[in-house]
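At position 134 of the sequence shown the residue is numbered 134 (full-length UniProt numbering), and the sequence of numbers has no breaks.
Input: a single structure, listed below in structure tokens.
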Amino acid sequence: MKKLLVVMFAALAFSCGNDKKNEKASEPVKAATEKPAETKAPAADPNQAVVVIESNDQMKYNMSEIRVKAGQKVKLTLKHVGKMKKEVMGHNWVLLTQDADVAAVGQAGAMAADNDYIPADMTDKIIAYTKMIGGGQSDTIEFEAPAPGTYSFMCTFPGHYALMKGTFIVE
Numbered sequence: 001m002k003k004l005l006v007v008m009f010a011a012l013a014f015s016c017g018n019d020k021k022n023e024k025a026s027e028p029v030k031a032a033t034e035k036p037a038e039t040k041a042p043a044a045d046p047n048q049a050v051v052v053i054e055s056n057d058q059m060k061y062n063m064s065e066i067r068v069k070a071g072q073k074v075k076l077t078l079k080h081v082g083k084m085k086k087e088v089m090g091h092n093w094v095l096l097t098q099d100a101d102v103a104a105v106g107q108a109g110a111m112a113a114d115n116d117y118i119p120a121d122m123t124d125k126i127i128a129y130t131k132m133i134g135g136g137q138s139d140t141i142e143f144e145a146p147a148p149g150t151y152s153f154m155c156t157f158p159g160h161y162a163l164m165k166g167t168f169i170v171e
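Okay, structure coming up:
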């Protein structure tokens with residue numbers, strides 16, 4: 001008889017308040033199997049190319065080639081991940097026309113300190129450019145990709161064009 005009472009008491013104890021435990025226990029399982037709508041990544045816009053390029057205190061970009069499609073809107077962000085000020089180790093990103101001479105624009109840029117190292121007499125050789133930035137800063141520009149072809153990009157801070165340059169390919 002005592003065993004029967006113990007079993008009945010145990011059964012009663014486990015059943016008391018068990019409804020709340022089951023509700024709580026079932027909630028995480030339900031939440032874990034359902035995917036909330038806000039976790040889905042938005043579809044990429046085929047009409048826009050988003051580019052993030054980094055520059056550093058060693059006079060380098062983190063990429064030497066950028067590919068986009070003709071006619072795309074290009075949203076380009078230049079981030080200076082170094083620590084030096086722009087007066088000492090400033091960087092920009094300048095996209096040149098196909099017929100532009102990197103060395104000529106670089107040398108002219110070195111003489112254009114009053115214009116953020118963008119040579120005013122060579123703007124016809126420049127498609128787009130960021131402002132000059134220092135360590136910890138960034139700048140974002142938007143422009144339409146030019147006609148298909150291969151273009152050069154560079155930094156126009158004095159002497160940087162020798163190392164800080166790359167290819168911008170429009171497909």
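Ideal Cβ positions, reconstructed from N, Cα and C, are used throughout, including at glycine.
Kindly indicate which three-state DSSP category residue 100 falls into: helix, strand or coil?
For the purposes of this step, residue 100 is taken as the residue at position 100 of the sequence shown. Correct three-state label for residue 100: coil.
If the criterion is Cβ atoms closer than 8 Å, does the pair residue 91 and residue 160 meet it?
By 1-based counting over the sequence shown, the position of residue 91 is 91. By 1-based counting over the sequence shown, the position of residue 160 is 160. Their beta carbons are under 8 Å apart, which means residue 91 touches residue 160 by this criterion.
Straight-line Cα distance separating residue 100 from residue 153:
The sequence position of residue 153 within the sequence shown is 153, counting from 1. The sequence position of residue 100 within the sequence shown is 100, counting from 1. So the two alpha carbons sit approximately 10 Å from each other.
Could you tell me the alpha carbon to alpha carbon distance between residue 44 and residue 50, rounded to whole angstroms?
In the sequence shown, residue 44 corresponds to position 44, counting from 1. In the sequence shown, residue 50 corresponds to position 50, counting from 1. Looking at the two C-alpha atoms, the distance is approximately 10 Å.
How close, in whole Å, do the beta carbons of residue 71 and residue 145 come, if the pair is a contact with beta carbons under 8 Å?
The residue given as residue 71 occupies position 71 in the sequence shown. The residue given as residue 145 occupies position 145 in the sequence shown. So it is a contact: roughly 6 Å between Cβ atoms.
Taking buried to mean at least 16 other C-beta atoms within 10 Å of its own C-beta, is residue 109 buried or exposed?
For the purposes of this step, residue 109 is identified with residue 109 of the sequence shown, where counting begins at 1. Residue 109 should be labelled buried.
Using a Cβ-Cβ cutoff of less than 6 Å, which residues in the same chain neighbour residue 122 once the five nearest sequence positions on both sides are dropped?
Against the sequence shown, residue 122 aligns to sequence position 122. Excluding sequence neighbours, residue 122 sits near 105 and 108.
Cβ of residue 156 within 8 Å of Cβ of residue 78?
Translated into the one-based positions of the sequence shown, residue 156 becomes position 156. Translated into the one-based positions of the sequence shown, residue 78 becomes position 78. No, the Cβ-Cβ distance between residue 156 and residue 78 is not below 8 Å.
Per DSSP, the bridge partner or partners of residue 137:
As a first step, residue 137 is located in the sequence shown; it is residue number 137 there, counting from the start. Answer by DSSP bridge pairing: none, since residue 137 is not bridged.
Kindly indicate which residue of 64, 126, 116 and 96 has the alpha-carbon position closest to the one of residue 133.
What you label residue 133 is simply residue 133 of the sequence shown in a count that begins at 1. Here the closest residue by C-alpha is 116.
May I have the straight-line CA-CA distance separating residue 48 from residue 73, to the nearest angstrom?
As a first step, residue 48 must be located in the sequence shown, where it is residue number 48. As a first step, residue 73 must be located in the sequence shown, where it is residue number 73. Those two C-alpha atoms are separated by around 5 Å.
Between residue 166 and residue 59, how many whole angstroms is the CB-CB distance? I'm expecting something under 8 Å.
As a working note, residue 166 is residue 166 in the sequence shown. As a working note, residue 59 is residue 59 in the sequence shown. Not quite, the Cβ-Cβ distance comes to about 13 Å (not below 8 Å), so this is no contact.
Under 8 Å between C-beta atoms of residue 65 and residue 141
As a working note, residue 65 is residue 65 in the sequence shown. As a working note, residue 141 is residue 141 in the sequence shown. Against a cut-off of 8 Å, the Cβ pair of residue 141 and residue 65 comes out as no contact.
Give the DSSP bridge partners of residue 79, in chain order.
As a working mapping, residue 79 is identified with position 79 in the sequence shown. DSSP output for residue 79 lists 54 and 138 as bridge partner(s).
Span separating the alpha-carbon of residue 87 from that of residue 118
Locating residue 87 in the sequence shown gives position 87, where the first residue counts as 1. Locating residue 118 in the sequence shown gives position 118, where the first residue counts as 1. Cα to Cα, the separation comes out at about 15 Å.
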